Structures are given as C-alpha cells and as structure tokens.
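Okay, structure first, notes after.
Protein chains: 2
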Amino acid sequence: MAFQDILRHAQRTQQSLLCIGLDTDLAKLPRAFAESSDAIVEFNRQIIDATCDLVCAYKINLAFYEVFGEQAFPLVHQTLAHIPPGIVTIGDGKRGDIGNSASFYARALREQYGFTASTVNPYMGSDAVAPFLEDPDHGAFILALTSNPGARDFQHLRTRTGPLFETVVRKTLRWNTRGNCGLVVGATRPARLRRIRQLAPNLPILVPGIGAQGGDLHRSVRYGCDRHGELGVFTASRSVLYASSGSDYATAARHAARALRDEINAVRPAR
Amino acid sequence: MAFQDILRHAQRTQQSLLCIGLDTDLAKLPRAFAESSDAIVEFNRQIIDATCDLVCAYKINLAFYEVFGEQAFPLVHQTLAHIPPGIVTIGDGKRGDIGNSASFYARALREQYGFTASTVNPYMGSDAVAPFLEDPDHGAFILALTSNPGARDFQHLRTRTGPLFETVVRKTLRWNTRGNCGLVVGATRPARLRRIRQLAPNLPILVPGIGAQGGDLHRSVRYGCDRHGELGVFTASRSVLYASSGSDYATAARHAARALRDEINAVRPAR
Numbered sequence: 002m003a004f005q006d007i008l009r010h011a012q013r014t015q016q017s018l019l020c021i022g023l024d025t026d027l028a029k030l031p032r033a034f035a036e037s038s039d040a041i042v043e044f045n046r047q048i049i050d051a052t053c054d055l056v057c058a059y060k061i062n063l064a065f066y067e068v069f070g071e072q073a074f075p076l077v078h079q080t081l082a083h084i085p086p087g088i089v090t091i092g093d094g095k096r097g098d099i100g101n102s103a104s105f106y107a108r109a110l111r112e113q114y115g116f117t118a119s120t121v122n123p124y125m126g127s128d129a130v131a132p133f134l135e136d137p138d139h140g141a142f143i144l145a146l147t148s149n150p151g152a153r154d155f156q157h158l159r160t161r162t163g164p165l166f167e168t169v170v171r172k173t174l175r176w177n178t179r180g181n182c183g184l185v186v187g188a189t190r191p192a193r194l195r196r197i198r199q200l201a202p203n204l205p206i207l208v209p210g211i212g213a214q215g216g217d218l219h220r221s222v223r224y225g226c227d228r229h230g231e232l233g234v235f236t237a238s239r240s241v242l243y244a245s246s247g248s249d250y251a252t253a254a255r256h257a258a259r260a261l262r263d264e265i266n267a268v269r270p271a272r
Numbered sequence: 002m003a004f005q006d007i008l009r010h011a012q013r014t015q016q017s018l019l020c021i022g023l024d025t026d027l028a029k030l031p032r033a034f035a036e037s038s039d040a041i042v043e044f045n046r047q048i049i050d051a052t053c054d055l056v057c058a059y060k061i062n063l064a065f066y067e068v069f070g071e072q073a074f075p076l077v078h079q080t081l082a083h084i085p086p087g088i089v090t091i092g093d094g095k096r097g098d099i100g101n102s103a104s105f106y107a108r109a110l111r112e113q114y115g116f117t118a119s120t121v122n123p124y125m126g127s128d129a130v131a132p133f134l135e136d137p138d139h140g141a142f143i144l145a146l147t148s149n150p151g152a153r154d155f156q157h158l159r160t161r162t163g164p165l166f167e168t169v170v171r172k173t174l175r176w177n178t179r180g181n182c183g184l185v186v187g188a189t190r191p192a193r194l195r196r197i198r199q200l201a202p203n204l205p206i207l208v209p210g211i212g213a214q215g216g217d218l219h220r221s222v223r224y225g226c227d228r229h230g231e232l233g234v235f236t237a238s239r240s241v242l243y244a245s246s247g248s249d250y251a252t253a254a255r256h257a258a259r260a261l262r263d264e265i266n267a268v269r270p271a272r
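If you read the protein sequences in the order shown, they are chains A and B.
Residue 272 is where the first sequence ends in this note's numbering, and the numbering goes up by one at each step.
Residue 272 is where the second sequence ends in this note's numbering, and the numbering goes up by one at each step.
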C-alpha cells in the first residue's frame, strides 16, 4: 500500500486529522517527573495512552532526543513501541544529504527506528530525497514552507517560476511516482497553504504549528485538506503535552487533544 | 578563541589543509575486518593513527553511523576520543530546524558528541542556524553549493540577487558576527568556488569531493583558500579510507593522505 493510502486509512479509521508532536522537553515536564531521561519515555507512554484514540499520527522530532546522546535511540525506540499499530509515526529529522549518506539516513529512519514516514530537507535536491522514496510504504514529507520567521530568508525568494517554496512543491509532484511524497507547510501562513494545496491537490500536507505557535486552525484545516477533507495532518505539540503542569497532565492532554480533533473535524470540508 | 582562529591554528601547526572524511562503510572495509559495527571503530582508529600528522581536520558524516541505530552514538564517540587534541572535528549532520529543535541539535553536536564544528542546512533560515553560532569556539559550515547532481534543482535557481547559493553566502556573511561561520562548497564546481571565495574572502570553506567524487583538486585549492593560503578545508574520504582493500590498508591510507596533503600544499597560494 502506498503511504498516501496508509495515511488516508489511518485518518478514516481514527476519524481524526490530528497529529501530536511528542517533542518532549525535560525542562517542561510536569512536576511529578524526575529530571532523568527515563522520565521522557514514561511521560510519552502516558500521553500516548491518553490520546491514541484521538489521533491519526504521532510525530517525533529527533532533536528533542538526540540532545541525550547515547540515550537518544532507546528513548525513541521505546516510545515508538508504545504506539498502537495503524497509527502513522513520523520521524521528524529533516535529514538531507547525498548518495550513500541519504540512503543511510533513510534506512535509519525506516528500519532502525521503524517510522512510517520522515520529514526531508530539499535543499540538496532530488538525489538527497530519492532514498526516502524507494519504499512506497514509507512517506517523505518534504519541507516546503516552514512556520518560523527565518522561512523568509530563502523559502520566499522569487525565482523565475514563483517563490522558492513553490518550486519545491512542483519538484515534489514530479518525485511522487510511488504515491509516498508529502509536504510540510506551517500553519502560520494559511494563504500560502491554500496556494500550495491548489498546486498539489492530492499530496499529504503536514501542517505543524496549530497549537502553541499560534497558527490559524480554521483556515489551515480548510486549505490544508484535499477535496475529500483528508490528507491534511495537523500537528500540535506543546499545547497538548503541557496542557497542565499539575498531576492531571494526562487528562488535560486528552481534553486538549479531543478539543483539537473535534475543532478540526467541525471545519474540514464535507466528505 | 573564535572557530576561525582555531581552524587557522590547526592548519598552521599541522601544515595541512587536508580533512579526512571518516565515512566508514562496513560494506567497503578491508577483508581483515568482521562484518560487525565494532569493526568501524577499530578501522577508524587505525586510519587516525596512520594519518593524524597529515590532516587539519576529520569529518564524520553522521548518516554512516545512524544506520547502526543504538550503536551510532558510541561508535562516533569512541572514534572522536581517538583523535588527538588540536585537530578540528567536523560533525557532518547537515541539521536544520527551528527554535528548541535547533538548540537541541546544536547541543547534541557540541556537548554530547563534542565536535569542534558542524555542517548546517540553511533552508529554514536564520533562526535554524543561530543556535549553532552561539558558542564562538564552535564552527558552523553552512551548505551553500553541494557537489551532487541535485544541487541544480534549487541551489542554482536565479533569484533577484543571483543564484540561490550566492544569497546563502551573503546571509552567512551577515551571520558571522562571532567569527565562527563557514561554508560548504563542493569541489566539482571550481568556477563557482572562485566566485564564492570572492564574495566571502575571509570565511572557512569546507570543500568535499576532492577524492573519489572527481573534483578538480588544483583549481579547488587555488580558489578555495583565502589570501593567506588558508581556511580552505579539502576533504577526501573513500580515496583515503579504501586506498587498499588488502592488509596494507593503513599504510595505503597514509600514502594517499600524504600525497593529497603535498599536492594541496604545492598548489595553495603563497603565504
């Protein structure tokens, strides 16, 4: 099954377009947790238990784990092992390199970690992306337009065929021969998201920033979904993980996730 | 001391502009080695012992290690522990992400691994690069123009102020307030390297691809150095590591490295 169908299936089964980013930061954990890297896995497990019927995907930003050095791999591995099958797992590493290096990164994400999909940086071009596309089951979300201020530095630069991020979108459409390409488009730019959805009507779009980053949820959902009201993956992290710093953090995370899922479902285009 | 001075010091002390990329691939190790990840460290140690008086830097592409999952961190760590002090170590991870994520990547490379410098992907803009620049001691080589065919997809795109890679160079010059920015420019494009050296006369430039990738060594060295004949870092990997597949691999690596160092020193501009 191509990744696109895997994602669609997860969204239908779970009746959710919500993705929770397990960007777990030791400094922000509820007071109940000790300052040790083991706490990360324990917290993640509780968040997954509290929310796994409400999401189509979990996203793990590898930076939050690599900061623990030797502990990084087991922390991610143990977290992934706790995610029920059928839910998409996105390895958010934004890797991008050439030849052998890209193949090794792709193998690390697909085989060593076992993610369903990865995020990929397009700057080095097609041969940096290709190894992530070899297995149709594995999705590659290519960074197009990100939600941060620095996105203006290069992504918006005018080229002959429009801003750079549009050129990335057009290339991604050509790379999508196996039905496993997607895009990353920040929720902080809904008008641009609309334009990108017009250019790429059938690609999955990962939309980070609907929570704490203050993206416009309603417009992001309207513009980010395909014509079936699917294939938009709307990601919140801090607003769910740290919904409460008290002992009710898991219940609070569940409430926050349910509210987001319902708000997304209320706005998504009719199926 | 700013990274730029650390690099210059290493190049003067070692009388070398050569960097060896420890892109160690189990499938290519000499026959004497078993097919186990431990062999990677043992091979790296022997290569380091055989070449450490001939180089200013070693570069470790993290992809070659991450493919071993849980073993990745110890393999890199044990390799780094064997490199004598005074030699620059470059963590070639090409990371790029925003906010907290970028800080965590920078901390992983600087503190957990302990590299002297990192390679950084510029696509996400200034806030993705900034955390790598906080510590003046730590260098950040920003990808400008890479040596692979896919570089044409985006890096060469015309923008209002020239090709995209030139815009990256101009931004990097502005980011260089602490003397720790550098650039990555592939050896396969010497004319472009000349142009980039004109734009950035005082930045370190990491030039991969002088060995197996077939870059033009003479022109790369002439154009890649600053006016003192320094700050170009010319990187070979396969042509040194696998100079012989027989039992003389370490001696062969030494000969290949010495020949490259001497060839570079013969061509570099007068000091």
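C-beta: ideal position from N, C-alpha, C; glycine also.
Predicted model only: the values in this text are computed from it and were never measured.
Below-7 Å beta-carbon distance, residue i vs any chain A residue
{"i": "Ser38(B)", "result": "no"}
{"i": "Thr189(B)", "result": "no"}
{"i": "Asp128(B)", "result": "yes"}
{"i": "Ala253(B)", "result": "no"}
{"i": "Tyr124(B)", "result": "yes"}
{"i": "Gly151(B)", "result": "yes"}
{"i": "Ala260(B)", "result": "no"}
Listed by chain order, chain A residues near residue i by CB distance under 8 Å
{"i": "Lys60(B)", "result": "What Lys60(B) touches in chain A: nothing, since even the nearest Cβ is about 12 Å away."}
{"i": "Phe65(B)", "result": "Asn101, Ser102, Phe105"}
{"i": "Arg108(B)", "result": "Val68"}
{"i": "Leu144(B)", "result": "Tyr124, Met125"}
Neighbouring residues, chain B, relative to residue i (Cβ below 8 Å)
{"i": "Val169(A)", "result": "Phe155"}
{"i": "Leu165(A)", "result": "Phe155, Leu158, Thr160, Leu165"}
For residue i: DSSP bridge partner residues
{"i": "Ile143(A)", "result": "Val121(A), Leu184(A)"}
{"i": "Gly163(B)", "result": "Thr160(B)"}
{"i": "Thr1(A)", "result": "A question about residue 1(A) goes unanswered here, because the residues of chain A that appear run from 2 up to 272."}
{"i": "Val234(A)", "result": "Leu207(A)"}
{"i": "Leu19(B)", "result": "Phe235(B)"}
{"i": "Arg96(B)", "result": "Val121(B)"}
CB contact below 7 Å: residue i versus chain B
{"i": "Glu71(A)", "result": "yes"}
{"i": "Thr147(A)", "result": "yes"}
{"i": "Asn177(A)", "result": "no"}
{"i": "Arg228(A)", "result": "no"}
{"i": "Phe74(A)", "result": "yes"}
{"i": "Ala28(A)", "result": "no"}
Neighbouring residues, chain B, relative to residue i (Cβ below 7 Å)
{"i": "Arg159(A)", "result": "Thr160, Arg161"}
Integer-rounded CB distance, given that residue j should sit under 8 Å from residue i
{"i": "Gly97(A)", "j": "Asn62(A)", "result": "Actually they do not touch by this definition, with Cβ atoms about 15 Å apart."}
{"i": "Val234(B)", "j": "Pro205(B)", "result": "6 Å"}
{"i": "Thr52(B)", "j": "Arg228(B)", "result": "Not confirmed; about 28 Å, so no contact."}
{"i": "Met140(A)", "j": "Gly183(A)", "result": "Reading the sequence as shown, one finds Gly at residue 140(A) and not Met. Contact flag correct, Cβ pair sits at about 6 Å."}
{"i": "Glu112(B)", "j": "Phe74(A)", "result": "Incorrect: roughly 17 Å between the Cβ atoms, too far for contact."}
{"i": "Leu346(B)", "j": "Ser17(B)", "result": "With chain B covering only 2 through 272, there is no way to say anything about residue 346(B)."}
{"i": "Asp93(A)", "j": "Thr120(A)", "result": "5 Å"}
{"i": "Val268(A)", "j": "Arg223(A)", "result": "6 Å"}
{"i": "Ile49(B)", "j": "Ile84(B)", "result": "6 Å"}
{"i": "Cys57(B)", "j": "Gln12(B)", "result": "5 Å"}
Residue i CB to nearest heavy atom of the ligand GTP below 6 Å
{"i": "Pro202(B)", "result": "Absence of the ligand GTP is noted for the structure shown, with no ligands found whatsoever."}
Residues that residue i contacts on chain B, provided the C-beta gap is smaller than 9 Å
{"i": "Gln299(A)", "result": "The structure shown does not extend to residue 299(A), since chain A is modelled only from 2 to 272, so the question has no answer here."}
Between the stretch 80 to 99 of chain A and chain B, which residues of the former have a C-beta closer than 9 Å to a C-beta of the latter?
Only Asp93, Gly94, Lys95, Arg96, Gly97, Asp98, Ile99 from the stretch 80 to 99 of chain A bring a Cβ to less than 9 Å from some Cβ of chain B.
Identify each residue in the stretch 6 to 17 of chain A for which the Cβ-Cβ distance to at least one residue of chain B is less than 9 Å, and report them in chain order.
Residues of the stretch 6 to 17 of chain A that bring their beta carbon within less than 9 Å of a beta carbon in chain B are absent altogether.
What residues from the stretch 189 to 207 of chain A come within 9 Å of chain B, judged by C-beta to C-beta, listed N to C?
Residues passing the 9 Å Cβ filter: none.
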